[in-house]
Amino acid sequence: MKEVGLLIDLYQSPTQEESIFKCAVSDFFIPLIKLVKSLKNVNISLNIPLSTLELLDNYGYQSVILDIRDLYENDRIEIVGSAAYNPLLTRTHPKIVENEIILNEYALGSYFGAKQGFEGEPSIMIKNIEGFLPTGLLVNTDVLNILSDLSYTWVLVDGNVLPSSYSNNFVYKYSAGLKLVIPNIEIGNLVNQFNIKSFDEIWGSMKSAEKTIGDKIIILINNDIYHSNEITGPDFYKKKMSMIDQLIENFCRENISIISIRDVVKNFNPKLTSELKDLSTFIVNENIYENAYSSEGKLQNLLKRVERKVESSFLSIQYALTEDDFSTISMWKDDEVRRISDNNIHNKVSFYALLYKYVCADKYIDAYRVNGIEAASNLPKVFLGKYMTYLRELIKYRSDEVLTTEVLPLAEDIENAIK
Numbered sequence: 001m002k003e004v005g006l007l008i009d010l011y012q013s014p015t016q017e018e019s020i021f022k023c024a025v026s027d028f029f030i031p032l033i034k035l036v037k038s039l040k041n042v043n044i045s046l047n048i049p050l051s052t053l054e055l056l057d058n059y060g061y062q063s064v065i066l067d068i069r070d071l072y073e074n075d076r077i078e079i080v081g082s083a084a085y086n087p088l089l090t091r092t093h094p095k096i097v098e099n100e101i102i103l104n105e106y107a108l109g110s111y112f113g114a115k116q117g118f119e120g121e122p123s124i125m126i127k128n129i130e131g132f133l134p135t136g137l138l139v140n141t142d143v144l145n146i147l148s149d150l151s152y153t154w155v156l157v158d159g160n161v162l163p164s165s166y167s168n169n170f171v172y173k174y175s176a177g178l179k180l181v182i183p184n185i186e187i188g189n190l191v192n193q194f195n196i197k198s199f200d201e202i203w204g205s206m207k208s209a210e211k212t213i214g215d216k217i218i219i220l221i222n223n224d225i226y227h228s229n230e231i232t233g234p235d236f237y238k239k240k241m242s243m244i245d246q247l248i249e250n251f252c253r254e255n256i257s258i259i260s261i262r263d264v265v266k267n268f269n270p271k272l273t274s275e276l277k278d279l280s281t282f283i284v285n286e287n288i289y290e291n292a293y294s295s296e297g298k299l300q301n302l303l304k305r306v307e308r309k310v311e312s313s314f315l316s317i318q319y320a321l322t323e324d325d326f327s328t329i330s331m332w333k334d335d336e337v338r339r340i341s342d343n344n345i346h347n348k349v350s351f352y353a354l355l356y357k358y359v360c361a362d363k364y365i366d367a368y369r370v371n372g373i374e375a376a377s378n379l380p381k382v383f384l385g386k387y388m389t390y391l392r393e394l395i396k397y398r399s400d401e402v403l404t405t406e407v408l409p410l411a412e413d414i415e416n417a418i419k
């Protein structure tokens, strides 16, 4: 094995607790930045979506943002795209999916890009955003078509999305410009679950993979999708950082190049697949996001009913926002939104911003946890309470009888269920 493409996910939920987020920054983000700075021949891919950037900004970690920007500007890291607030793309209306992806691109440009305009017009540009990390690695035809239209060149996917015959490679072509990239789940799980007792396990998995896919491999280091270190203990982020540090150290010792996923896949030219014409009805078994969404628990069903009604309200807006309405507005920043003088645009921007946070897929995991092994924990209820706050706030900005007569009672049912 000669090359490893390493993608590290820094996603944090919009409902994350301040104390836990600060722990993630001090024990994981900052040490990771220092590590990458110290290793001149290492180039990794990084997912840092708007949900995380917003928290960094709100809690005063501008220096962390600037450090990441410096690494990006000097081509030390590849920044990948995602949806702004982690919706389950395969279960969310395509228009909302597209809007969140574009919003995330705008946020990346706002924090990491070059501010420049044409003939004096303000704009924000971000270069080299080629890859995409979907929630839970789940995609379908609608999602892939959106990514193709937005000119992404590769997307990380769950290998189970592909037909069973596709098992002898890790890069496949979906369209003329979009490649599907499959990470090595076995190695990723060893790192993500702190199950590496000896790095001989890693070498064994890599040697096994080399027999079928050659001398390149993709590894995804997930972030804590459970929001907290309650399950894993207070040292969760320290343990994760230690695992990454050891992994990179061992790769370097074995003369294995650690490069961005963009650089791993750019030289691959797989044939266009003919069996991937319709993935719209595909469901991946044993995926935590899909399982949490598909659960028939009372809370899950209430949340799904609310989400469908809120989506319908979004789609029924007669005068959709144009690019001119928000091309210079960071809609996640309250002070900028408050400065919008046009009341109609102000209400639409506020509604959209709250809607995108509400459709975050993590709420289904939180609902699953309320009645699961963590029923005694209060945190899942706290997180769900924050989603209800988003819901009640967004209703204020939208004159829609369905929201007030049908959604508000459902919100009350959810709030009663989590008391």
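Each residue of the sequence shown is one higher than the one before, starting from 1 at the first, in the UniProt record's numbering. Cβ atoms here follow ideal geometry from the backbone N, Cα and C, with glycine treated the same way.
When secondary structure is reduced to three states using DSSP, GLY131 falls in the strand class. Taking every protein chain shown into account, the CB of GLU249 has fewer than 16 other CB atoms within 10 angstroms, so this residue is exposed. The Cβ atoms of GLY81 and TYR152 sit closer than 8 Å to each other. In its own chain, leaving out the 5 sequence neighbours on each side, no residue places its CB closer than 7 Å to the CB of GLU254. The DSSP assignment places 18-24, 30-38 and 50-58 as complete runs of the alpha helix (DSSP H) inside the segment 3-68, in order along the chain (cut-off: 4 residues). Annotation: the segment 367-411 contains the following complete segments of the alpha helix (DSSP H) (minimum length 4 residues), in chain order: 379-396.
Close CB contacts of PRO270 within its chain, under the 8 Å cut and outside five residues either way in sequence, are with ASN169, VAL171, TYR172, LYS173 and LYS179 (chain order).
By the C-beta density criterion, GLN193 is exposed, having fewer than 16 other C-beta atoms within 10 angstroms.
By the C-beta criterion, the segment 40-47 is judged not to be in contact with the segment 12-28, since fewer than 3 inter-stretch pairs fall below 8 Å.
When beta bridges are read from the DSSP output, PRO270 appears opposite no residue. Under the three-state reduction of DSSP, LEU156 is assigned to strand. Inter-residue distance for ASN343 and ALA411 is about 26 Å (C-alpha atoms, whole angstroms). In the DSSP annotation of this structure, the continuous segment of the beta strand (DSSP E) that includes LYS179 starts and ends at 179-181.
Assignment of PRO234 by DSSP, reduced to helix, strand and coil, places it in the coil class. The shortest CA-to-CA distance from PRO134 to any of LYS34, VAL143, GLY113 and GLU307 is the one to VAL143. Collapsing the DSSP output to three states places VAL171 in a strand.
Rounded to whole angstroms, the gap between the alpha carbons of LEU190 and THR404 is 47 Å.
No Cβ-Cβ contact shorter than 8 Å links PHE29 with LYS240.
With at least 16 other beta carbons inside 10 angstroms of its own, PRO87 counts as buried. Closest in C-alpha terms to ILE345, from the list TYR397, TYR356 and LEU7, comes TYR397. DSSP places GLU311 in the helix class (H, G or I) of the three-state scheme. The three-state secondary structure of PRO163, taken from DSSP, is coil.
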